[in-house]
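Chains as they are written, first to last, in the numbering used here: chain W, 1 to 122; chain H, 123 to 244. Quick reminder that beta carbons are idealized off the backbone N, C-alpha and C, glycines included. Remember, predicted model here, so these are calculated numbers, not experimental data. Some notes on the structure that comes next.
Number of protein chains: 2
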Amino acid sequence: MIRTRIDAEQTAPVEMDGVKNVSMRVLLGAEHGMPHFSMRHFVVEPGGHTPRHRHDYEHEVVVLSGHGEAEHAGETAPIGKGDVMYVAADAMHQFRNLGDEPLEFLCLVPRERDGGGEVPGS
Amino acid sequence: MIRTRIDAEQTAPVEMDGVKNVSMRVLLGAEHGMPHFSMRHFVVEPGGHTPRHRHDYEHEVVVLSGHGEAEHAGETAPIGKGDVMYVAADAMHQFRNLGDEPLEFLCLVPRERDGGGEVPGS
Chain W
1 MIRTRIDAEQ TAPVEMDGVK NVSMRVLLGA EHGMPHFSMR HFVVEPGGHT PRHRHDYEHE
61 VVVLSGHGEA EHAGETAPIG KGDVMYVAAD AMHQFRNLGD EPLEFLCLVP RERDGGGEVP
121 GS
Chain H
123 MIRTRIDAEQ TAPVEMDGVK NVSMRVLLGA EHGMPHFSMR HFVVEPGGHT PRHRHDYEHE
183 VVVLSGHGEA EHAGETAPIG KGDVMYVAAD AMHQFRNLGD EPLEFLCLVP RERDGGGEVP
243 GS
């Protein structure tokens, strides 16, 4: 059985333009032979944010802990534990930590882009 | 932005052979236009269990709360909050609540079967 655990200590810094104080770990992905989609764990430190960007594949996101806001296609909404969001392909989006604790979420992506080729970080 | 929240009160009983005291809700699925995979929320009451079955599509599972065990292809392991598991296509599997509180988990599935056709409950 392929098993792992959510563990913020095991995430690694994300080095990408527009990222501030974010670390991540692929919980289930290419290296585990996932056939269709991948599960990643993100930790955004207080004051940090993911890149404000867009790409040709979707996200399904569930917030595990912390407080912040999500921007998606020009709309911004507060997010906290238990919130679930869909980020559509090609929609500009960003996740920002506005709290005093780490903002942690799972973000799932398809393994393959619509136009073919591997989704980065999957 | 398509958003929802994890809420055990919004799950509905699962009526299927071999199921005992399980309710579920599709958080992001066909009705929300998910293109590749779906996120579902399951609540297994104390003493309850999902069906012991197999099917031609995979699961990615993350435990939100409670205690129990997962059986997968003849192997059984304890599960609790923060555990992540992959259930391979065609592997016999079951989730059982062995605790005094509801066992809650997210279970993600592809929208489409390998052989074509929609995955039930996606």
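Please list the partners that residue i has in chain W, where partner means a Cβ-to-Cβ separation under 7 angstroms.
i, result
"Thr-126 (chain H)", "Val-84"
"Ala-199 (chain H)", "Met-1, Arg-3"
Which residue from the options puts its Cα closest to that of residue i?
i, options, result
"Gly-169 (chain H)", "H:Gly-237, H:Val-241, H:Leu-225, H:Pro-232", "H:Leu-225"
"Asp-114 (chain W)", "W:Glu-101, W:Arg-40, W:His-55, W:Cys-107", "W:His-55"
"Ala-195 (chain H)", "H:Val-165, H:Val-166, H:Phe-217", "H:Phe-217"
"Asp-205 (chain H)", "H:Pro-242, H:Asp-212, H:Leu-186, H:Asn-219", "H:Leu-186"
"Ala-12 (chain W)", "W:Gly-116, W:Arg-25, W:Arg-5, W:Leu-106", "W:Arg-25"
"Glu-240 (chain H)", "H:Tyr-179, H:Ala-210, H:His-154, H:Thr-198", "H:Tyr-179"
"Glu-69 (chain W)", "W:Phe-105, W:Ala-89, W:Ala-30", "W:Phe-105"
"Ile-124 (chain H)", "W:Ile-6, W:Ala-8, W:Val-87", "W:Val-87"
"Gln-132 (chain H)", "H:Phe-164, H:His-215, H:His-154", "H:Phe-164"
"Ser-122 (chain W)", "W:Ile-6, W:Met-16, W:Glu-31", "W:Glu-31"
How is residue i classed by DSSP in three states: helix, strand or coil?
i, result
"His-36 (chain W)", "coil"
"Ala-152 (chain H)", "helix"
"Ala-130 (chain H)", "helix"
"Pro-224 (chain H)", "coil"
"Asp-83 (chain W)", "strand"
"Ala-73 (chain W)", "coil"
"Ser-65 (chain W)", "strand"
"Arg-174 (chain H)", "coil"
Leaving out the 5 sequence neighbours to the left and right, which residues in its chain are closer than 6 angstroms to residue i when beta-carbon positions are compared?
i, result
"Lys-20 (chain W)", "Gly-48, His-49"
"Val-44 (chain W)", "Val-22, Asn-97, Leu-103"
Please list, in chain order, the chain H residues whose beta carbon lies closer than 9 angstroms to that of residue i.
i, result
"Leu-108 (chain W)", "Phe-159, Met-161, Glu-182, Leu-230"
Along chain W, in chain order, which residues have C-beta atoms closer than 8 angstroms to that of residue i?
i, result
"Met-214 (chain H)", "Near Met-214 (chain H) there are no residues of chain W at all, since even the closest Cβ is about 11 angstroms away, more than 8 angstroms."
Quick one: residues in its chain with C-beta nearer than 8 angstroms to the C-beta of residue i, no 5 flanking neighbours on either side, listed in chain order?
i, result
"Leu-230 (chain H)", "Phe-159, Ser-160, Met-161, Arg-162, His-181, Glu-182, Val-183"
"His-67 (chain W)", "Pro-78, Ile-79, Gly-80, Asn-97, Leu-98, Gly-99, Glu-101, Leu-103"
To which residues of the same chain is residue i closer than 7 angstroms at the C-beta, ignoring the five residues directly before and after it?
i, result
"Ala-213 (chain H)", "Arg-176, His-194, Ala-195"
"Met-34 (chain W)", "Leu-28, Arg-111"
"Thr-4 (chain W)", "Leu-27"
"Gly-18 (chain W)", "Pro-51, Arg-52, His-53"
When Cβ atoms are compared, which residues of the segment 23 to 43 of chain W fall closer than 8 angstroms to chain H?
Leu-27, Leu-28, His-32, Met-34, Pro-35, His-36, Phe-37, Met-39
Which residues of the segment 63 to 75 of chain W have a Cβ closer than 8 angstroms to any Cβ of chain H? Give them in chain order.
Ala-70, His-72, Ala-73, Glu-75
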